[in-house]
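Asker:
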Amino acid sequence: MVLALIIVGSVIGFILLLYVFIGIFFSFYVAHPKNTSVDRAIKQETEWGNVRDYFELEKEDIEVKGFENYNLHCVYVPLSYKSNKYVIISHGYTYNHIGSLRYLHVFRELGFNVVIYDNRGCGLNKKYISTMGKKESKDLTCIVDYIFNRFGKDIYLGLHGESMGSALQMMSLKDKRDIKFLINDCGYGNLYRMFRKDIKHFFHLPKFFVDDASFFSRLIFKFSYKEIVPEKELEQSNVPICFFHGAIDDFVPTSETENMYLLAKGYKEIHIVDKAWHAESIKVLGHAEYKRIISEFLTKIA
Numbered sequence: 572m573v574l575a576l577i578i579v580g581s582v583i584g585f586i587l588l589l590y591v592f593i594g595i596f597f598s599f600y601v602a603h604p605k606n607t608s609v610d611r612a613i614k615q616e617t618e619w620g621n622v623r624d625y626f627e628l629e630k631e632d633i634e635v636k637g638f639e640n641y642n643l644h645c646v647y648v649p650l651s652y653k654s655n656k657y658v659i660i661s662h663g664y665t666y667n668h669i670g671s672l673r674y675l676h677v678f679r680e681l682g683f684n685v686v687i688y689d690n691r692g693c694g695l696n697k698k699y700i701s702t703m704g705k706k707e708s709k710d711l712t713c714i715v716d717y718i719f720n721r722f723g724k725d726i727y728l729g730l731h732g733e734s735m736g737s738a739l740q741m742m743s744l745k746d747k748r749d750i751k752f753l754i755n756d757c758g759y760g761n762l763y764r765m766f767r768k769d770i771k772h773f774f775h776l777p778k779f780f781v782d783d784a785s786f787f788s789r790l791i792f793k794f795s796y797k798e799i800v801p802e803k804e805l806e807q808s809n810v811p812i813c814f815f816h817g818a819i820d821d822f823v824p825t826s827e828t829e830n831m832y833l834l835a836k837g838y839k840e841i842h843i844v845d846k847a848w849h850a851e852s853i854k855v856l857g858h859a860e861y862k863r864i865i866s867e868f869l870t871k872i873a
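Counting from 572, one number per residue, gives the positions in the sequence shown under the working numbering.
Here is the structure:
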């Protein structure tokens with residue numbers, strides 16, 4: 572009898588220990604990603620043909636005070652002629668401002684002055700945890716304020732985001748209602764929902780471990796996965812949105828964009844791109860076709 576109790580107790584103890592270990596591991600895995608260096612990003616984007624003449628263009632490195640006075644590295648790339656159109660491009664999880672070059676040329680050709688930047692903890696910024704959009708969205712609000720204060724309240728300002736960049740841009744709508752449009756490329760609308768799919772698909776673990784990890788994330792890093800719900804802002808906003816998503820994306824499931832499209836209240840378009848994986852819509856469609864879709868979208872909402 573005693574032996575049986577010891578065995579049962581040991582099994583329960585092991586299960587509890589495993590539960591704690593997985594929760595802490597996953598929460599650290601999310602908050603401390605292995606970010607791509609700027610040098611590595613330059614090499615990658617050059618190989619993919621996205622850098623083009625970027626380093627020959629006129630540009631200005633600027634530092635913007637973000638949320639909680641966190642310094643954000645930004646690059647302002649103006650046109651060679653006067654335009655009141657501006658766009659801020661937000662990169663995805665683990666990447667940096669160089670990853671935004673694949674979209675920078677699209678908007679310059681459409682007559683936009685462009686701002687690209689590094690999310691906190693990424694690129695040329697100081698190390699910091701990833702909060703999956705919680706603090707990053709407030710950082711973006713600070714950049715938006717900087718652009719309006721510098722160039723005037725009457726400018727035409729839009730946002731383009733890829734993956735987490737799309738999510739944090741939607742979350743920023745809570746603070747900024749004067750954005751003219753969003754281009755949402757492969758973003759997630761509900762982090763908790765997405766992680767429940769990812770943990771089963773990539774880690775072959777039961778979905779309940781996401782609750783475990785979310786608990787430890789809130790305890791250690793002060794944010795839970797359940798509070799990262801970018802799609803919630805769509806219920807309060809009529810901002811026009813153009814959605815892109817790869818049809819075979821299993822990192823951020825295509826269903827995330829389909830759900831957001833249904834929730835969006837303003838003018839909206841959705842483009843599910845065949846044979847495109849995560850963040851590959853522009854690669855599969857090609858620069859010219861991606862630009863055409865955005866150009867027609869902007870014409871419709873003008």
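All C-beta atoms in this analysis are idealised placements derived from N, C-alpha and C, irrespective of residue type, glycine included.
From a predicted model like this one, the values you see are computed outputs, not experimental measurements.
Does the ligand GTP have a heavy atom nearer than 8 angstroms to the CB of residue 798?
Answerer: No copy of the ligand GTP appears in this structure; indeed no ligand is present at all.
Asker: Could you tell me whether any Cβ in chain C is nearer than 9 angstroms to the Cβ of residue 796?
Answerer: The structure shown contains no chain C; it holds only a single protein chain.
Asker: Given residue 787, which residues of its chain have a CB within under 6 angstroms of its CB, disregarding the five upstream and five downstream residues?
Answerer: Around residue 787: 594, 595 and 598.
Asker: Could you tell me whether the stretch 665–676 touches the stretch 598–612, where touching means 3 or more Cβ pairs closer than 8 angstroms?
Answerer: With the cut-off at 8 angstroms, the stretch 665–676 and the stretch 598–612 touch.
Asker: Which term fits residue 646, buried or exposed, when burial requires 16 or more other beta carbons within 10 angstroms of its beta carbon?
Answerer: Classification for residue 646: buried.
Asker: Please go through the same chain and pick out, in chain order, the residues whose beta-carbon is closer than 6 angstroms to the beta-carbon of residue 944, but skip the five residues on each side of it.
Answerer: Here the chain covers residues 572 to 873 and nothing more, so residue 944 does not appear.
Asker: I need the straight-line Cα distance from residue 730 to residue 660, nearest angstrom please.
Answerer: Distance between the alpha carbons of residue 730 and residue 660 is about 6 angstroms.
Asker: In this structure, does DSSP put residue 776 in helix, strand or coil?
Answerer: Residue state, collapsed to three classes: coil.
Asker: Which residues does DSSP list as the beta-bridge partners of residue 696?
Answerer: Its beta-bridge partners do not exist; DSSP assigns none.
Asker: Apply the 10 Å Cβ neighbour rule to residue 870 and answer buried if 16 or more other Cβ atoms are within range, or exposed otherwise.
Answerer: Exposed is the call here.
Asker: I need the DSSP call for residue 675, collapsed to helix, strand or coil.
Answerer: Of the three classes helix, strand and coil, the one that applies to residue 675 here is helix, per DSSP.
Asker: Looking at residue 721: is its Cβ nearer than 9 angstroms to the Cβ of residue 643?
Answerer: No. Outside cutoff.
Asker: Report the residue from 704, 686, 650 and 711 whose alpha carbon sits nearest the alpha carbon of residue 799.
Answerer: Among 704, 686, 650 and 711, the Cα nearest to that of residue 799 is on 704.
Asker: With DSSP as the reference, label residue 858 as helix, strand or coil.
Answerer: Reduced to three states, the DSSP call for residue 858 is helix.
Asker: May I have a chain-ordered list of the beta strand (DSSP E) segments no shorter than 3 residues that lie completely inside the stretch 582–665?
Answerer: Counting whole runs of 3 or more residues, the stretch 582–665 contains the beta strand (DSSP E) stretches 631–636, 642–648 and 656–661.
Asker: According to DSSP, is residue 704 part of a helix, a strand, or is it coil?
Answerer: Coil, per DSSP.
Asker: Please report the distance separating the alpha-carbon of residue 701 from that of residue 766.
Answerer: Their backbone Cα atoms lie some 15 angstroms apart in a straight line.
Asker: Starting from the C-beta of residue 795, find all residues in its chain whose C-beta is less than 7 angstroms away, skip the five residues before and the five after it, and write them out in chain order.
Answerer: Closer than 7 angstroms at Cβ, skipping near neighbours: 785, 788 and 789.
Asker: Can you tell me whether residue 783 is buried or exposed, with buried defined as 16 or more other CB within 10 angstroms of its CB?
Answerer: That one is buried.
Asker: For residue 672, collect the residues of the same chain with a Cβ closer than 7 angstroms to its Cβ; drop the 5 residues on either side in sequence, then sort them by chain order.
Answerer: 616, 621, 622 and 625.
Asker: Leaving out five residues before and five after residue 824 in sequence, what residues of the same chain have Cβ atoms less than 8 angstroms from its Cβ?
Answerer: So the list reads 765 and 768, once near-sequence residues are dropped.
Asker: At what residues does the alpha helix (DSSP H) containing residue 736 begin and finish?
Answerer: Unbroken alpha helix (DSSP H) run through residue 736: 735–743.
Asker: What would DSSP say about residue 668, mapped onto helix, strand or coil?
Answerer: Helix, per DSSP.
Asker: Where do the ends of the alpha helix (DSSP H) carrying residue 830 lie?
Answerer: Counting along the chain, the alpha helix (DSSP H) containing residue 830 begins and ends at 825–834.
Asker: To the nearest angstrom, report how far apart residue 868 and residue 636 are at their CA atoms.
Answerer: Between residue 868 and residue 636, the C-alpha separation is close to 32 angstroms.
Asker: Here's the rule: buried if 16 or more other CB atoms are within 10 angstroms of the residue's CB, otherwise exposed. What is residue 651?
Answerer: Its Cβ having fewer than 16 others within 10 Å, residue 651 is exposed.
Asker: Tell me whether the beta-carbon of residue 858 lies closer than 9 angstroms to the beta-carbon of residue 821.
Answerer: Cβ atoms of residue 858 and residue 821: not closer than 9 angstroms.
Asker: With DSSP as the reference, identify every bridge partner of residue 763, one or two as the case may be.
Answerer: Beta-bridge pairing links residue 763 to no other residue.
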